[in-house]
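Scroll down for the structure; my scribbles are underneath it.
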Amino acid sequence: MASLELEAALAAARAASEVIRAHYQRNPAVRLKADASPVTEADLRSEEVIRATLSERFPGYGFYGEETGRHAMGADNVWLVDPIDGTKAFVREIPFFSTQIALLRGGKLVLGVSSAPAFGELAWAEEGGGAWLNDRPVRVSRIASLGEAAISTGNLRSLAGSPRWQRFGRLVRAAGYLRGYGDFVHYHLLARGALEVVIESDVNILDIAALTVIVREAGGTFTDLAGSAIDLATTSVLATNGALHAEVLRALTN
């Protein structure tokens, strides 16, 4: 049975989907933020409806949004929200964008919703309740051989300029095959057992917070590229089916 928090997060994601669909493929106006990332009216409006929905049901919770920043971060419970993760894809009418909503409780991620309205997928999980994709329970694969494993990558710019790049190359040669699904897509694929490893080196916690919970509840392991736990300062990802995590981590660090 879904908690009231999960019900609220799902309601907020559905409300955001309505806003996003109304703007998608409508040639939205784009401006650049201070960090040179794009933002549209759909980003702003969808975060507004998410925040309104969550605040109405849980007024004492903090809120950290991609567009509106940090509010009451000292609260025991804080919502982490990216209304459109993948704005560049949204603007170019590529359906690989999503709404990400997570709940941080006492410093631990305990709930996640990943809604991709144009792609047609909705994933969610909360601690102890398993992971779900389009109303079906999902589980990571049991593949334990790197030679049979599929690796997916995204946001590798900083990795390409680091000593890990050669190690990554050796890892790719040892793996079954490599793809670059990126964004929410490869995490959904990992959670439902369609691939085994996701590697990213340039991320923001708002991009991955919800997906951390989903992969973990599907039986996977989710750390940064150094093997550290995910927190607000995380900027890289190593997510696996669990069986391959230690081997891939060694390959990238030794």
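Going by our numbering, the residue at position 227 of the sequence shown is 251; the numbering climbs one at a time, nothing skipped. Each residue gets a CB set at the ideal place from its N, CA and C atoms; glycine is no exception. Owing to the predicted nature of the structure, the values given are computational and were not obtained by experimental measurement.
Straight-line spacing of the CA atoms in residue 109 and residue 121 works out to 6 Å.
In the same chain as residue 158, and ignoring 5 residues on each side of it, the C-beta atoms closer than 7 Å to its own belong to 145, 146, in chain order. Under DSSP, residue 132 takes part in a beta bridge, and its partners are 129. Around the C-beta of residue 211, 16 or more other C-beta atoms lie within 10 Å, and the residue is accordingly described as buried. Here residue 260 is buried, its C-beta having at least 16 other C-beta atoms within 10 Å. Here residue 222 has 176, 210, 211, 214, 261, 263 as same chain residues with Cβ atoms under 7 Å from its own Cβ, once five neighbours each way along the sequence are excluded.
About 37 Å separates the Cβ atoms of residue 117 and residue 190, ruling out a contact at the 8 Å cut-off.
Residue 91 has its alpha-carbon roughly 12 Å from the corresponding atom of residue 58. Contact between residue 195 and residue 276 holds, since their C-beta atoms are separated by about 7 Å, short of 8 Å. Excluding five sequence positions before and after residue 112, the CB atoms of its chain that fall closer than 7 Å to its own CB belong to 62, given in chain order. Checking the DSSP bridge columns, you'll see residue 88 partnered with 94, 104. Sequence-distant Cβ neighbours of residue 204 in its own chain, meaning closer than 7 Å and more than five residues away, are 176, 177, 178. Residues of the same chain with a CB within less than 8 Å of the CB of residue 227, apart from the 5 flanking positions on each side, are 179, 258, 259, 260, 261 in chain order. Annotated as proximal: residue 84 and residue 99, with beta-carbon spacing under 8 Å.
When rounded, the separation of the alpha-carbon atoms in residue 45 and residue 240 is 29 Å. Secondary-structure assignment with DSSP links residue 178 through a beta bridge to 224.
In this chain, the alpha helix (DSSP H) harbouring residue 230 covers 229-241. According to the DSSP secondary-structure assignment, residue 55 is paired through a beta bridge with 63.
Of 164, 271, 198, 127, the smallest CA-CA separation from residue 219 is found for 164.
Annotation for residue 266: 164, 243, 244, 245 place their beta carbon closer than 7 Å to its own, counting only its chain and skipping 5 residues before and after. Pairing residue 193 with residue 119, the inter-Cα distance amounts to about 29 Å. By the neighbour-count criterion, in which a residue is buried when 16 or more other Cβ atoms sit within 10 angstroms of its Cβ, residue 255 is exposed.
In this structure, the beta-carbon distance from residue 52 to residue 39 does not fall below 8 Å. Around the beta carbon of residue 75, a 10 Å sphere encloses 16 or more other beta carbons of the protein chains shown; the residue is thus reported as buried.
Note on the stretch 110-169: whole alpha helix (DSSP H) runs with a minimum of 4 residues are 111-115, in chain order.
For residue 274, the uninterrupted alpha helix (DSSP H) run begins and ends at 269-277, by DSSP.
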